[in-house]
Amino acid sequence: MFRLPVVALMWVVSTASLTNAADEKPVAVTFDKLQPVLQKRCGSCHGRNEPRSGLDLTNLPGLKAGSESGPVVVSGKPELSLLYLTAAHLDGPKMPPGKERIPSAELQLFHDWIAGGLQERAGSNPSTAMKSTKPVAPAALAPVTPLTRPTATTALAVDPHGKWIAVSGLRQVVLLDAKTHQASTAFPFPEGEVFSLRFSQDGEWLVAGGGLGAASGKVVIFEVATGKRVLETAEERDSVLSVDITPDRQTLAWGGPWRTVQVLDVPTQKVTATLTGPTDWVLSVNLSPDGRLVAGSDRFGGVRVWNIATGKEFWNLRGHTGAVPKLVWSPKSDHLLSLGEDGSARMWDLHTGEQSAVWELNIGGLWAADWHTSNVIAIGGRGKKALLMDLHGKELHAVPLTDEVTEIAFHADGTEVLIADAAGRIVPFAVVTGKPESAFSLPLAQAMARIEIPWPSRTRPARSAAVKTTAASTVSPEDDLLHAVLEADEAVKAAEASLAKFRETAARLRKILSERETQQP
Amino acid sequence: MKIDLQSFLFSLLMIVSVLSGRPAIGADAAPSRKLVVYPTEISLTSKRDSQAIIAVVVNPDGSTQDVSATATFTPDRDGLINLHEGIATPVADGELELVVTAEDLTERIKVKVSNATDSPALTFRNDVLAVLTRTGCNTGRCHGQAAGKDGFRLSLFGYDPAGDYHRITREFAGRRINLATPEDCLLVNKALGKVPHSGGQRIEEGSREYRIVMDWLSAGARPDPMDMPQPVGIEVFPKQAIFNGTGADQFLMVLAHYSDGSDRDVTDDAVFLSNNEGAAVVTNQGLVTSAGPGTAFILARFDQFTAGSSIVVRPSKPFTFPAVPANNYIDELVYTHWKNLHLTPSGLSTDEEFLRRVFIDLVGLLPTTEELHRFRADKRADKRDRLIDELLERPEFLDIWVMKWAETLQIRTVNGISPKGLELYDKWLRSRIRSGATVADILHEVLPASGGTFENPASNYYQTETTPQLLAESVAQSFLGTRIQCAQCHNHPFDRWTMDDYYGFAAFFSQVGYKHAADPRELTVFNAGEGEMRHPVGDRPVLPKFLGGDVPKFDSEQDYRKSLSSWLASRDNKAFSRNIANLVWAHHFGIGIVEPFDDVRVSNPPSNPMLLEALGERVAESNFDVKALVRDICRSRVYQLSSDRTPDNQWDERHFSHSKIRRLRAEVLLDCISQVTGAKDVWPGMPAGSRAVHLADGRTRNFFLTTFGRSTRETPCSCEVSTAPTLSQALHLLNGEVTSGKIDEGGVVDALLEKHKDAMVVADDLYERCLTRKPSSKERAALATKLSASQDVKRTLTDLFWALLNSNEFIFNH
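Okay, structure coming up:
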């Protein structure tokens, strides 16, 4: 870093105006304030997809890991931090390349965050900022946030004791009374949208997976009785799409768009395996009821089964064309049912790895399913229909719906199956009577009004700065005047020079003349 | 001071031109200035509607001046519309008239306002999709890729609105959009760059695009109603602008027409492109600025449609068109075009230049010294016309056109065309052309051809390509000058062709059957009478549909191909006749009126549409006999211009104001070298005395021909014939055996020394032989010095011969 002294000097000289306030008392800027700026200004190159120079600036661990050529921030010293220097155009390469410097208000955030000790979020201690910090847990229980507009139900689970229905809500997991269908309480999930919910077999824990698309994701285990967070996994770089927990609560597994399945040992909170193989987003992750195998499906027709203990691939089950949104295990762990966007459901024999049945169901792409221990299987599709079937694929009931099916879950006793759709409705279907009951949904606030475009305020387009006008003379009147002044100056100089010469000549002649006069008597 | 001087000089020039009795601008009777407004009728049909008014003053010299920003707009009734910078927005329902005044000129626009307080729900197809296209989401580099980008796919430029709607709203319910939090969902966060996005930030928060997406999401992102009016076409106004000089502006306005008869100003939703930024540039809001002399086509795209505005930028100095005679209708049409562009032609070529040019173009050979002397001695006024007529009757003229048509038919040994089949195919084409068959006659035999490839050689065409898609692409490109390949997978982004057009055209070849004949080298082509073309979107059957034409009715058993050939090679098919005319034109000028001549599209308009129209009519009139058109072309003064540029036409590359210097195509170059050296080429399987232009097979291997860019006939592309220079060409001529070997082999220097005795006369002869001219006095002086000092005169003359063959003057037609 031979250039540092010079740079530091430059820093002192040229950033005085930027930092006049900060010099006195650094404002506590936390990473969550800086992150949107990094995302917007740097994210397209230094993002998670093949970041330039190996530098990922869209999340804190990536930023702290630095680039291929080393760290980019020095805590407390913006004048030594390349992140700041390159963005401030105080050092090369100027960032973002080929563009103007980012607005000084944003640059100030860079400066203050580094000067303030790289704080992760409000309340985190600057001195320990380099270590991972335990976040402040959100309040355990919260009131249910009403929706402003019905939206797709993305996750649904029924408590094995038959007391609760857990549903994806607005940045929260909403618990509804299983009998009355009334929303009762909620577990806050500020991490983002909830895409997957599972109760542990004993009903004590509720596992939630989700996050913010393309930004972050997490799995959280809640204690159902108190809403307390039992466990939080490390942050993923995209939303978790599917999560599961073994009946003995020892193993947790999840997957998402990053194409691997993570397996975590719950007691030690350590990730024991990262299972590879899927060639596209992982859509469904399911642990076998006997706790020995984990199955994962992807968006490219892939269905794989791995051995949890060894982390090795057990079966690669090829058959689907197109995405496989959902997998379900048989209660005895000897069969796996895969549901495809291609409209087929495929039953796989885990002893042989062979396909033991293919059901073409004619209810559109299949999206949701559940398998009850009484050996009734419920499957829902895009064709606005759900089917209840026996193990041989015989149709027991067909349930017409008003929208695409997104989630299906049986009550533990098998008397009722809940069918959720893309419009946020949940239809309880009584298996015994074979009749759907009245649908329910999350509480709605006063419906959101349409955010209408205001009056058109069109104006005539202006010439863009890129348009070169070769026509109008490139010489401005000022340039012209300046040129004339210079010309005049030149002329004055020349005139003065020749005047001097004439004076000299005249003087010499005069001298000669006077000499001659003196010589002549 | 400088400015004063400039304007003084300018006014002086004006005075001079007035005094000289010739107006500086516009030689014809001065038409008066007039004001033109677009649109002439405005219909505002919702609260959200708006309409920009374009007002243009057309000057007596034909130039146009955009007064949209300076004109005054006066409604005859108050309270119905708002006007801001010439953009009308609705206030209350009713009808009114708008008076547009620019200086002393006025025009009127009828305005009708209805549903002024209604703001109907936005639709995906008509509102949101335009945002995705305008912000570049669905380009081929981004989500428009066949496999999508980063897990999200959109149809390229939005050719599949229903699919795009599904992928955004439902493919992963709850992921891409969240109706409960429209301002904070993946679609919006990605577009705003709030979350990592390979494409970075595409829209600004609060921008028009942002508000459209937000309005649509907050209203529930409903599926589009079934009865929603669909766009059926767009128009760009003004359709033409003529700028006097650079730095002038013109607003463009794009009007979309819908299936219910309504229209909408979609300027803010369109994408703009200029095809010649050297002449005119355009902003993404449709403001055109002239940048330099020339013509440009400004393309606007909205929904599936492409339309354009043609821009002429004249040089910014006074213009006088010289008094030059017009030999025929071609000259008249081209002169009109030049006057419009303020372009003056170069002078007439010399007799020697003309002689050499017309020989190379018409018969693919150089004039012999005897022919040169005869032409030089001919003092008749119409000697050029006589020479043209003479050349047109030579068999070598037909040889050139057999070669050209063999290229368009892609005749080569491929897909089982055996050497024997190829020989029969070539013989058939040659004898048909020699017996007077035109390209239309050939197509009437080739396209519906059935039978064994030996018994009916025309059926070999069905072996050059064997799938309906490739056959359709070849026919479209070779004979209609239209590249429809894009439309196989998506609607053509810069033209009007859709996937429906593509598969409809390919359907004509969906019933071609093949079976083996008795001879294993022969194949029988027949009309299977069954089989259908299926559309990849929805896998539905597609009926044969003429490209840009109707869906013909068929009786059962009828051969689709018969109906195709009678539609295609017909006098009524303007696309065909224009294409043949353009192909002939390009052969004689080195550049087409549409360039390249096999890439006719909305976004690549002809440089002179009237001329192309007239030439097309002419060739159709003569039943596609090329000879008649070639005669007209060669007789025109435009063809006979010098290749020397003048300061006034220095900038012109596309408007034929001077002859284009072009390298001889590979076959002709080799034939000319053989001709002047007296050497003979021997071609395998061809009779003695055959020339390179006679080669039947596109796959014939020959290093010289390959190096100089002979067409392999692998594709229907005009780019198969290349006259681009390469280093290996230069090296091959300098060091290869073709030049020096042929000089030795032919023994021309010996024979000439024998004949003339005098070395200087031999040198003259070599100059005339190779360059169709005598050496200049400077060259002559240098030669005299060299020859008088030479120990070995033959050697020196051989070196001279070699140098002449290596000169640009020899290799180029000028």
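Chains as they are written, first to last, in the working numbering: chain A, 1 to 521; chain B, 522 to 1335.
Beta carbons: idealized from backbone N, C-alpha and C, even for Gly.
Note that the coordinates shown come from a computational prediction; the quantities given were computed from them, not determined experimentally.
Shown here for alanine 1187(B): same chain residues with a beta carbon closer than 6 Å to its own, the five before and five after excluded, namely Leu1226, Phe1229, Gly1230, Arg1231 in chain order. Collapsing the DSSP output to three states places histidine 1109(B) in a helix. Collapsing the DSSP output to three states places isoleucine 763(B) in a strand. Judged by their CB atoms, aspartate 298(A) and tryptophan 281(A) are nearer to each other than the 8 Å cut-off. Taking 8 Å as the Cβ-Cβ cut-off, the stretch 594–627 of chain B approaches chain A at His605, Glu606, Gly607, Ile608, Thr610, given in chain order.
The C-alpha of alanine 208(A) is placed about 16 Å away from the C-alpha of valine 144(A).
About 7 Å separates the beta carbons of alanine 609(B) and serine 571(B), which is inside the 8 Å limit, making them a contact pair.
Residue-level contact by beta carbon holds for glutamate 404(A) and chain B, with a gap shorter than 8 Å. Among the bridge pairs identified by DSSP, glutamate 562(B) is matched with Lys631(B). Looking at Ser514(A), Arg41(A), Glu50(A), the one whose alpha-carbon comes closest to that of lysine 94(A) is Arg41(A). Fewer than three beta-carbon pairs drawn from the stretch 1189–1196 of chain B and the stretch 892–900 of chain B are found closer than 8 Å, and the two stretches are therefore not classed as touching. The alpha helix (DSSP H) runs lying completely inside the stretch 15–97 of chain A and spanning 4 residues or more are 16–24, 31–42, 60–65, 82–87, given in chain order. Rounded to the nearest angstrom, the Cβ distance from valine 792(B) to arginine 822(B) is 5 Å, consistent with a contact under 8 Å.
The beta carbon of glycine 1137(B) is closer than 7 Å to those of Lys1095, Ser1098, Arg1099, Ala1102 in its chain, skipping five residues each way along the sequence. Looking at the DSSP output, histidine 1277(B) shares a beta bridge with no other residue.
For serine 44(A), the chain B residues whose C-beta falls within less than 7 Å of its own C-beta are His718, Ser719, Gly720, Gly721, listed in chain order.
DSSP, reduced to helix, strand and coil, places tryptophan 306(A) within a strand of the structure shown. Of the candidates Thr415(A), Ser44(A), Ala28(A), Ser44(A) places its Cα closest to the Cα of cysteine 663(B). One finds Ala701 in chain B with Cβ atoms closer than 7 Å to the Cβ of leucine 147(A), taken in chain order. Annotation for leucine 1326(B): the continuous alpha helix (DSSP H) segment containing it runs 1314–1326. Residue environment analysis places proline 888(B) among the buried positions, since at least 16 neighbouring C-beta atoms fall within 10 angstroms of its C-beta.
Of Trp164(A), Ala178(A), His351(A), Ser441(A), the smallest CA-CA separation from proline 146(A) is found for Ser441(A). For the stretch 212–234 of chain A, the residues whose beta carbon sits under 7 Å from a beta carbon of chain B are, in order, Leu212, Gly213, Ala214, Ala215. Judged by beta-carbon spacing, glutamate 606(B) lies within the 8 Å limit of threonine 459(A), meaning their Cβ atoms are closer than that value.
Non-local C-beta neighbours of serine 1249(B) in its own chain, meaning closer than 6 Å and more than five positions away in sequence, comprise Thr1228, ordered along the chain.
Excluding its 5 nearest sequence neighbours in each direction, threonine 276(A) has C-beta neighbours in its own chain below 8 Å: Arg259, Thr260, listed in chain order. Listed in chain order, the alpha helix (DSSP H) elements of length 4 or more contained wholly in the stretch 796–859 of chain B amount to none. Assignment of beta-bridge partners to methionine 448(A) by DSSP yields no partner. For methionine 735(B), the three-state secondary structure derived from DSSP is helix.
Counting other Cβ atoms within 10 Å of its Cβ, leucine 509(A) stays below 16 and is therefore classed as exposed. Residue pairing from DSSP leaves glutamine 1161(B) without any beta-bridge partner. Taking a Cβ-Cβ threshold of 7 Å, the residues of chain A close to serine 739(B) are Met448, Arg450, Ile451, in chain order. Distances from the CA of threonine 974(B) to each of His1011(B), Glu704(B), Val923(B), Ala1038(B) were compared; the closest alpha carbon is that of Ala1038(B).
Counting C-beta pairs with one atom in each stretch, the stretch 775–786 of chain B and the stretch 750–760 of chain B have three or more that are closer than 8 Å, which means they touch. At a C-beta separation below 8 Å, methionine 735(B) has these neighbours in chain A: Ile451. Sequence-distant Cβ neighbours of arginine 933(B) in its own chain, meaning closer than 8 Å and more than five residues away, are Leu943, Thr985, Asp1218, Gly1219, Arg1220, Thr1233, Arg1234, Glu1235.
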